[in-house]
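S.K.:
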Amino acid sequence: MTRYFYDKRVREIFWQAALLAGLAGTIILIVRNASQNMVNAGMASGFDFLWRTSGIDVSFVLTAYTPDANILALLWVGVANTLVITFVAAIAATLLGFVVGIARLSPNKLLAGLAGAYIEFVRNIPLLFFVLFWYFGVIAALPGPRQSIGFFAVAFLNNRGLTIPVPTDGTAFRIAALVVLAGFVAQAAIAVWAKRRRDATGLIFPVWASGLALFIALPALAFGIAAALSSWDVPALRGFNYRGGFVLVPEFVALFAALATYTAGFIAEIVRGGIQSVVKGQWEAAYALGLRPNRALSLIVIPQAMRVMVPPLTSQYLNVLKNSSFGAAIAFPELVSLFVGSALTNTGQAIEIIAITLAIYLALGLAVSGFMNWYNARTRLVTR
Amino acid sequence: MTLLARGALGAAILALGAGAATAQQLAPSPTLDAIRARGHLECGVHLGLPGFSFANDRGEWTGLDVDFCRAVAAAVLGDANKVRYTPTSVQQRWPVLQSGQVDLLSRNTTITFSRNASLGVNFQGINFYEGQTFIVRTASGAKKPTDLENASICVAAGSTEERMAADYFRERNLKVSIINFQKNDDAIAAYDAGRCDSYTAGIGALAGQRIKLKTPGDHFIMTETISNDPQGPVTRWGDERWQAVVRWVLNGMIAAEHLGVTSRNVDDMRANSRNAEIRRLLGADGNFGAMLGLPNDWMFNAIKQVGNYAESFERTVGKGSPLGLERGQNALWTRGGILFTSPFQ
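Protein chains in written order, with this note's numbering: chain A, 1 to 384; chain B, 1 to 345.
(1) Hey, how far is the Cα of Asn296 (chain B) from the Cα of Ala290 (chain B)?
(2) Anything in chain B within Cβ reach of Pro250 (chain A), meaning under 8 Å, just list it in chain order.
(3) Run through DSSP, which three-state label would Ala367 (chain A) get?
(4) Nearest to Gly59 (chain B) by CA position, among B:Tyr85, B:Ile35, B:Arg36, is which residue?
(5) If contact means a Cβ-Cβ distance below 7 Å, which residues of the segment 324–355 of chain A contact chain B?
(6) Is there a C-beta anywhere in chain B that falls below 8 Å from the one on Ala44 (chain A)?
(7) Please list the residues of the segment 274–299 of chain B that have a C-beta atom closer than 8 Å to any C-beta atom in chain A, keeping them in chain order.
(8) Is there a Cβ of chain B sitting closer than 8 Å to that of Ser35 (chain A), yes or no?
(9) Give the straight-line distance between the Cα atoms of Ile30 (chain A) and Gly348 (chain A), rounded to the nearest whole angstrom.
(10) State the start and end residues of the unbroken alpha helix (DSSP H) segment that holds Ser118 (chain B).
(11) Determine, using beta carbons only, whether Ser152 (chain B) comes closer than 8 Å to chain A.
(12) Pull up the distance between the alpha-carbon of Gly324 (chain B) and that of Glu162 (chain B), whole angstroms please.
(13) Note down the Cα distance separating Gln345 (chain B) from Asn70 (chain A), rounded to an integer number of angstroms.
(14) Tell me whether Gln243 (chain B) counts as near the ligand GTP, meaning its Cβ is closer than 7 Å to at least one heavy atom of that ligand.
(15) Does DSSP classify Arg396 (chain A) as helix, strand or coil?
(16) Does Trp242 (chain B) get closer than 8 Å to chain A when you measure Cβ to Cβ?
(17) If you compare alpha carbons, which of A:Thr379, A:Ala328, A:Val249 is closest to Pro145 (chain A)?
(18) Could you tell me which uninterrupted alpha helix (DSSP H) segments, each at least 4 residues in length, are contained entirely in the segment 5–59 of chain A, listed from first to last along the chain?
(19) Grouping DSSP H, G and I as helix and E and B as strand, with all else coil, what is Ala21 (chain B)?
(20) Between the segment 78–94 of chain B and chain A, which residues of the former have a C-beta closer than 8 Å to a C-beta of the latter?
(21) Roughly how many angstroms separate the alpha carbons of Ala165 (chain B) and Gln91 (chain B), rounded to a whole number?
(22) Cβ atoms of Gly63 (chain B) and Leu104 (chain B): under 8 Å apart, would you say?
(23) Looking at the secondary structure, which residues open and close the alpha helix (DSSP H) in which Ala162 (chain A) lies?
(24) Could you tell me the boundaries of the beta strand (DSSP E) in which Asp229 (chain B) lies?
(25) I need the straight-line Cα distance from Tyr309 (chain B) to Ile211 (chain B), nearest angstrom please.
(26) Within 8 Å of any Cβ in chain B, is that where the Cβ of Pro165 (chain A) sits?
(27) Just mark Phe128 (chain B) as buried or exposed, buried being the case when its beta carbon has 16 or more other beta carbons within 10 Å.
(28) Indicate whether at least one CB of chain B lies closer than 8 Å to the CB of Asn373 (chain A).
(29) Identify every residue that forms a DSSP beta bridge with Arg236 (chain B).
(30) Can a CB atom of chain B be found closer than 8 Å to the CB of Asp233 (chain A)?
(31) Relative to chain B, which residues along the segment 57–78 of chain A have a C-beta separation below 7 Å, given in chain order?
(32) Is it buried or exposed for Thr341 (chain B), if we count other Cβ within 10 angstroms and need 16 for buried?
(33) Using a Cβ cut-off of 8 Å, pull out every chain A residue sitting near Phe134 (chain B), in sequence order please.
(34) Do you know how far the Cα of Gly137 (chain A) is from the Cα of Ile275 (chain A)?
(35) Determine the contact status of Gly318 (chain B) and Arg327 (chain B), defining contact as a CB-CB distance below 8 Å.
(36) How would you write the range of the alpha helix (DSSP H) that Asn184 (chain B) sits in, first residue to last?
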């Protein structure tokens, strides 16, 4: 017995097990205590409420949700909207952040100064202010429904949003999307082939040219044909606003713009730091090989800088995910607004709803981290 | 049974009876004890709704719902100013009440079945009755709710108005776009900025919110209502004696109006009135205050310091206020309204 007590490994396992048991015990105690107190206070508890009819009208729905659906479907609307806004805002922030970060290092003083001013401006203003600024800015800049800006009399832009026509039957578009997807796969294959050939022979294949054809010309053609074949639900002015079609609400645009421009300021600094972390000798070696500055940047410096940039970029993407909850302030129906706002007050089941929301954010955040860790491992410098 | 045992039993019954006769045994009331111990009432109110709960330019809370908090404080502690207000949003109000952070929620809250049944709260009467309707820009030409086809309507998420408006238009197969904000103030600001064609709330709340708009005169509040919207003070389950206090302070303010007792004549009424109900209400006869565990001049203090229901109504939302609301359905049952009280007997 004492033999085990003096064994370091056994002792470590014992303490860890004790800690785990204590933690589990505390959680069980808290849950039991809360549910007992809720019963005593006459408050409803449990997860049955998820199957109740929601009755909540949502202004921006990408799923098949209607107010007759249940609260679980409402939750899914919130998750989908959060994912969509996070995805598009993260991509836009990355693109803008790279441009600003590289511009900050430009030898052109005016460009570098402007990029620096942008970064300082953005990083020193609270996000909530940014969101409200964009929101009321967007609303103020756009006309009312009756003075809408029309695009070929099928799409209309006003301060209720951008109303675009939707096809009554989506089959043609689904086929077009498959064609476009095939084009993307082909482009990826071409890029791999071109890299192999370059490594083997040193010849450069203009990948951008096939990219232009497959990323822009092919989708345009495919969707053009699909559009011609489909019948359309065209918005028409009726009563207070346009009826029919799909509405891209100003809340979406404002939140997207706020998250993208705000996060881009932080990403720009990460990009600048990443590029500066690559030793000067690498630039000089690239120039000595006869590479022009653009190629030296894209082929030599950025790949090495990525190693430094990926971990802080992960936190920025996690920030975009969490900051998307600022949508609640401007009525964008994302997870917090719909579930913690409308559903919570309608059902009163605060503990369950907060727990579900926390679990969803945790799962999404871990998924983002997992993806970035995988990417980081892939781009890591291979040492021998 | 032995003689001794019989005697002991008789003595015990006598002692019990004597005990009941000498001092009335009060049910324990942890809420009342806590209020007395801390020296003030904790009252949950609206974040800012002119006429109902609104901090004026001197930082003093005013309004119909605030007056009710003040009346309860006067009845319990003898001083209407011994209230600490907790401003709450639509979503915050329930946890704040359930967790015991406030003793009482007086925040133009609609009485509904599911709130009573599943939130662990009780509604203690109606201090304001209204119906939900819509405010629109006069220029839009909309006169009644069914004119709002395809309109965007700003609401506070989680309010009864959100569900009520969605149900109303869905039932009539009219498409509207409902935009859910976290706070009433955000929703009204977005309406003012032109994001929405309409904002929806009760008629009284709209009259209050209209004052906040940039040009109140450009907006029209529809007269047709779409709901039955009784509002009143809320307490949490448990502590029946405290719930009775809240219920009867409200009844007392309404009874005072019915009996003609006002803050001006209350001293005279207590000294000279020959009406039995007035005498019981003001503590001149009987021990109605003591039955609830309060001082016997509980309603005297409330009426003296805050006034009866009519005084409070006219000062906060009625003709003496910027809202200028008619009594309408909030008049006494004897004057064509639905406001009533149970007798002080």
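For every residue, glycine included, the Cβ atom is placed at its ideal position computed from N, Cα and C.
Predicted model, so just to flag it, every value in this text is computed and none were measured.
M.R.: Let's see:
(1) In the second sequence, the residue the question calls residue 296 (chain B) occupies position 296. In the second sequence, the residue the question calls residue 290 (chain B) occupies position 290. Approximately 6 Å, taken between the alpha carbons.
(2) As a working mapping, residue 250 (chain A) is identified with position 250 in the first sequence. Those are Arg195, listed as they occur along chain B.
(3) One-based indexing of the first sequence puts residue 367 (chain A) at position 367. Of the three classes helix, strand and coil, the one that applies to Ala367 (chain A) here is helix, per DSSP.
(4) Taking the second sequence and counting its residues from 1, the one referred to as residue 59 (chain B) is at position 59. Cα-wise, what sits closest to Gly59 (chain B) is B:Tyr85.
(5) Ala328, Ala329, Ala331, Pro333, Ser337, Gly341, Ser342, Leu344, Thr345, Asn346, Gly348, Ala350
(6) Taking the first sequence and counting its residues from 1, the one referred to as residue 44 (chain A) is at position 44. So yes, Ala44 (chain A) belongs to the interface.
(7) none
(8) Residue mapping note: residue 35 (chain A) aligns to position 35 of the first sequence, counting from 1. No, because no Cβ of chain B sits closer than 8 Å to the Cβ of Ser35 (chain A).
(9) Taking the first residue of the first sequence as 1, we reach residue 30 (chain A) at position 30. Taking the first residue of the first sequence as 1, we reach residue 348 (chain A) at position 348. Cα to Cα, the separation comes out at about 20 Å.
(10) Indexing the second sequence from 1 puts residue 118 (chain B) at position 118. Per DSSP, Ser118 (chain B) belongs to the alpha helix (DSSP H) from 113–118.
(11) Translated into positions along the second sequence, residue 152 (chain B) becomes position 152. Judged by the 8 Å Cβ criterion, Ser152 (chain B) is in contact with chain A.
(12) Along the second sequence, read from residue 1 onward, the residue named residue 324 (chain B) stands at position 324. Along the second sequence, read from residue 1 onward, the residue named residue 162 (chain B) stands at position 162. The alpha-carbon atoms of Gly324 (chain B) and Glu162 (chain B) are separated by roughly 26 Å.
(13) Counted from its first residue, the second sequence places residue 345 (chain B) at position 345. Counted from its first residue, the first sequence places residue 70 (chain A) at position 70. Roughly 49 Å between the two C-alpha positions.
(14) Inclusion of the ligand GTP in the displayed structure is not the case, the ligand content being empty and no account of it being possible.
(15) With chain A running from 1 to 384 in the structure shown, residue 396 (chain A) is simply not present.
(16) The residue you call residue 242 (chain B) lines up with position 242 of the second sequence. Chain A contact via Cβ: absent.
(17) Translated into the one-based positions of the first sequence, residue 145 (chain A) becomes position 145. Of the listed residues, the one whose Cα sits closest to Pro145 (chain A) is A:Val249.
(18) 8–40
(19) Counted from its first residue, the second sequence places residue 21 (chain B) at position 21. Confidence at Ala21 (chain B) is low in this model, with a pLDDT of 44, below 50, so the placement of that residue is unreliable and no value is reported for it.
(20) Val90, Gln91, Trp94
(21) Indexing the second sequence from 1 puts residue 165 (chain B) at position 165. Indexing the second sequence from 1 puts residue 91 (chain B) at position 91. Their backbone Cα atoms lie some 18 Å apart in a straight line.
(22) By one-based count along the second sequence, residue 104 (chain B) stands at place 104. By one-based count along the second sequence, residue 63 (chain B) stands at place 63. In this structure, Gly63 (chain B) does not lie closer than 8 Å to Leu104 (chain B) by Cβ.
(23) Here the question's residue 162 (chain A) lines up with position 162 in the first sequence. Correcting the residue type first, residue 162 (chain A) is Leu in the shown sequence and not Ala. Not the alpha helix (DSSP H): Leu162 (chain A) falls in the beta strand (DSSP E), residues 161–164.
(24) On the second sequence, residue 229 (chain B) is found 229 positions in, with the first residue counted as 1. It spans 229–231 - the beta strand (DSSP E) in which Asp229 (chain B) sits, taken as one unbroken run.
(25) Position 309 of the second sequence holds residue 309 (chain B). Position 211 of the second sequence holds residue 211 (chain B). Their backbone Cα atoms lie some 23 Å apart in a straight line.
(26) Here residue 165 (chain A) refers to the residue found at position 165 when the first sequence is read from its first residue. No, Pro165 (chain A) does not count as interfacial toward chain B.
(27) The residue labelled residue 128 (chain B) in the question sits at position 128 within the second sequence. Flag for Phe128 (chain B) reads buried.
(28) Residue mapping note: residue 373 (chain A) aligns to position 373 of the first sequence, counting from 1. So no, Asn373 (chain A) is outside the interface.
(29) For the purposes of this step, residue 236 (chain B) is taken as the residue at position 236 of the second sequence. Arg236 (chain B) is bridged to B:Val121.
(30) Against the first sequence, residue 233 (chain A) aligns to sequence position 233. No, because no Cβ of chain B sits closer than 8 Å to the Cβ of Asp233 (chain A).
(31) Asp57, Ser59, Pro67
(32) Start at 1 with the first residue of the second sequence, and residue 341 (chain B) comes out as number 341. Flag for Thr341 (chain B) reads buried.
(33) Reading the second sequence from its first residue, position 134 is the one you call residue 134 (chain B). Neighbours of Phe134 (chain B) on chain A: none; closest Cβ ~12 Å, over 8 Å.
(34) As a first step, residue 275 (chain A) must be located in the first sequence, where it is residue number 275. As a first step, residue 137 (chain A) must be located in the first sequence, where it is residue number 137. If I take the Cα positions, the gap works out to 35 Å.
(35) Along the second sequence, read from residue 1 onward, the residue named residue 318 (chain B) stands at position 318. Along the second sequence, read from residue 1 onward, the residue named residue 327 (chain B) stands at position 327. Their beta carbons are under 8 Å apart, which means Gly318 (chain B) touches Arg327 (chain B) by this criterion.
(36) Here residue 184 (chain B) refers to the residue found at position 184 of the second sequence. From DSSP, the alpha helix (DSSP H) with Asn184 (chain B) extends over 184–192.
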